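Trainee: Provided herewith is a single structure, encoded as C-alpha coordinates, for subsequent inquiry.
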Amino acid sequence: MQDCIFCKIVQKEIPGKVVYEDDQVLAFHDINPVAPVHVLLIPKQHIPTHFDITAEDTKLIGHLHLVASRIAEQLDLGEKGFRLVSNCKEYGGQLVFHLHFHLLGGRHLKWPPG
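If you count by the working numbering, then the sequence shown holds residues 227 to 340, one letter each, in order.
Structure (C-alpha coordinates):
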(Lines of atoms letter the chains of each structure in order from A and count residues from 1; the text may use other names and numbers.)
(Lines give C-alpha, C1' and ligand atoms only; values in the text may rest on other atoms or scores of the structure.)
Protein backbone atom coordinates (compact mmCIF):
# COMPACT_ATOMS: atom_id res chain seq x y z
CA MET A 1 0.00 0.00 0.00
CA GLN A 2 1.40 3.37 -1.00
CA ASP A 3 0.11 5.40 1.93
CA CYS A 4 0.65 2.80 4.65
CA ILE A 5 3.23 3.96 7.19
CA PHE A 6 4.08 0.39 8.18
CA CYS A 7 4.65 -0.60 4.55
CA LYS A 8 7.00 2.39 4.29
CA ILE A 9 8.91 1.13 7.34
CA VAL A 10 9.13 -2.34 5.76
CA GLN A 11 10.47 -0.75 2.54
CA LYS A 12 12.99 1.33 4.60
CA GLU A 13 11.43 4.57 3.33
CA ILE A 14 10.83 5.56 6.97
CA PRO A 15 13.29 4.56 9.70
CA GLY A 16 12.30 2.30 12.56
CA LYS A 17 14.22 1.05 15.57
CA VAL A 18 14.15 -2.60 14.48
CA VAL A 19 14.46 -5.38 17.05
CA TYR A 20 13.74 -8.30 14.70
CA GLU A 21 13.41 -8.91 10.97
CA ASP A 22 13.07 -11.93 8.74
CA ASP A 23 11.49 -12.47 5.33
CA GLN A 24 7.93 -12.40 6.74
CA VAL A 25 7.93 -10.26 9.89
CA LEU A 26 9.32 -6.93 11.07
CA ALA A 27 9.37 -5.85 14.72
CA PHE A 28 10.33 -2.38 15.90
CA HIS A 29 9.97 -0.12 18.93
CA ASP A 30 6.78 1.96 19.06
CA ILE A 31 7.50 5.70 18.79
CA ASN A 32 4.85 6.39 21.49
CA PRO A 33 5.43 3.64 24.06
CA VAL A 34 2.81 2.98 26.73
CA ALA A 35 5.01 0.57 28.69
CA PRO A 36 8.76 0.23 29.35
CA VAL A 37 8.79 -2.35 26.54
CA HIS A 38 6.51 -1.56 23.59
CA VAL A 39 7.36 -3.29 20.33
CA LEU A 40 5.18 -3.47 17.22
CA LEU A 41 5.20 -6.71 15.23
CA ILE A 42 3.91 -6.59 11.67
CA PRO A 43 3.72 -8.97 8.77
CA LYS A 44 5.66 -7.58 5.83
CA GLN A 45 2.69 -8.50 3.68
CA HIS A 46 0.05 -5.76 3.82
CA ILE A 47 -3.04 -7.13 5.57
CA PRO A 48 -5.33 -4.25 6.62
CA THR A 49 -7.27 -5.85 9.51
CA HIS A 50 -7.99 -9.17 11.18
CA PHE A 51 -10.98 -9.51 8.87
CA ASP A 52 -8.58 -9.60 5.89
CA ILE A 53 -6.61 -12.62 7.12
CA THR A 54 -7.16 -15.60 4.82
CA ALA A 55 -6.57 -19.32 5.24
CA GLU A 56 -3.34 -18.84 3.26
CA ASP A 57 -2.10 -16.49 6.01
CA THR A 58 -2.41 -19.08 8.80
CA LYS A 59 1.27 -20.02 8.77
CA LEU A 60 2.31 -16.34 8.72
CA ILE A 61 0.14 -15.50 11.73
CA GLY A 62 1.50 -18.48 13.65
CA HIS A 63 5.04 -17.41 12.79
CA LEU A 64 4.31 -13.89 14.01
CA HIS A 65 3.21 -15.26 17.40
CA LEU A 66 6.32 -17.42 17.66
CA VAL A 67 8.47 -14.38 16.90
CA ALA A 68 6.62 -12.40 19.60
CA SER A 69 7.60 -14.97 22.23
CA ARG A 70 11.21 -14.97 21.10
CA ILE A 71 11.39 -11.17 21.18
CA ALA A 72 9.83 -11.14 24.66
CA GLU A 73 12.55 -13.50 25.87
CA GLN A 74 15.25 -11.34 24.24
CA LEU A 75 13.86 -8.30 26.04
CA ASP A 76 13.91 -10.07 29.43
CA LEU A 77 10.15 -10.49 29.68
CA GLY A 78 10.26 -14.27 29.95
CA GLU A 79 10.06 -14.47 33.73
CA LYS A 80 7.33 -11.91 34.46
CA GLY A 81 5.42 -12.05 31.18
CA PHE A 82 4.01 -9.68 28.60
CA ARG A 83 0.84 -8.73 26.79
CA LEU A 84 0.28 -9.15 23.05
CA VAL A 85 -2.51 -6.90 21.75
CA SER A 86 -3.98 -6.32 18.33
CA ASN A 87 -6.64 -3.68 17.71
CA CYS A 88 -9.18 -4.16 14.93
CA LYS A 89 -11.03 -1.32 13.24
CA GLU A 90 -12.46 1.86 14.79
CA TYR A 91 -14.08 0.50 17.96
CA GLY A 92 -11.08 -1.74 18.59
CA GLY A 93 -8.78 1.28 18.51
CA GLN A 94 -6.93 0.47 15.28
CA LEU A 95 -5.15 3.59 14.01
CA VAL A 96 -2.90 2.10 11.32
CA PHE A 97 -4.71 -0.20 8.91
CA HIS A 98 -1.90 -2.73 8.54
CA LEU A 99 -2.30 -5.75 10.80
CA HIS A 100 0.00 -5.34 13.79
CA PHE A 101 0.52 -6.57 17.31
CA HIS A 102 1.70 -4.55 20.31
CA LEU A 103 4.09 -6.46 22.57
CA LEU A 104 3.90 -4.73 25.96
CA GLY A 105 5.85 -5.46 29.11
CA GLY A 106 8.29 -4.30 31.72
CA ARG A 107 5.62 -3.35 34.27
CA HIS A 108 2.48 -4.80 35.79
CA LEU A 109 -0.31 -4.36 33.23
CA LYS A 110 -3.83 -3.87 34.60
CA TRP A 111 -7.04 -5.46 33.37
CA PRO A 112 -9.34 -4.38 31.85
CA PRO A 113 -7.15 -2.25 29.60
CA GLY A 114 -9.73 0.52 29.06
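Beta carbons are placed, not taken as given, at the ideal position from N, Cα and C, and that holds for glycine.
No experiment lies behind these values; they were computed from the predicted model shown.
#1: Take every Cβ of the segment 230 to 242, pair it with every Cβ of the segment 251 to 271, and state whether three or more of those distances are shorter than 8 angstroms.
#2: Under 8 angstroms: do the segment 268 to 278 and the segment 297 to 310 share three or more Cβ pairs, one atom per stretch?
#3: Determine the burial state of residue 288: buried for a count of at least 16 other Cβ atoms within 10 Å of its Cβ, exposed for fewer.
#4: If the criterion is Cβ atoms closer than 9 angstroms, does the pair residue 278 and residue 266 meet it?
#5: Let's see if you can read the secondary structure: which residues bound the beta strand (DSSP E) around residue 308?
#6: What's the gap between the Cα of residue 334 and the Cα of residue 263?
#7: Less than 7 angstroms between C-beta atoms, sequence neighbours within five positions excluded: which residues of the same chain meet that for residue 246?
#8: When you compare each of 295, 323 and 321 to residue 330 by their alpha carbons, which one comes out closest?
Mentor: Reading off the structure:
#1: yes
#2: no
#3: Residue numbering aside, residue 288 sits at position 62 when the sequence shown is read from its first letter. With fewer than 16 other Cβ atoms within 10 Å, it is exposed.
#4: In the sequence shown, the residue the question calls residue 278 occupies position 52. In the sequence shown, the residue the question calls residue 266 occupies position 40. Taking 9 angstroms as the Cβ cut-off, residue 278 and residue 266 do not qualify as a contacting pair.
#5: Along the sequence shown, read from residue 1 onward, the residue named residue 308 stands at position 82. Segment 308 to 311, the beta strand (DSSP E) holding residue 308.
#6: In the sequence shown, counting from the first residue as 1, residue 334 sits at position 108. In the sequence shown, counting from the first residue as 1, residue 263 sits at position 37. In a straight line, the C-alpha of residue 334 is about 11 angstroms away from that of residue 263.
#7: What you label residue 246 is simply residue 20 of the sequence shown in a count that begins at 1. Contacts found: 253, 293 and 297.
#8: Position 104 of the sequence shown, counting from 1, holds the residue named residue 330. For residue 330, the nearest C-alpha among the options comes from 295.
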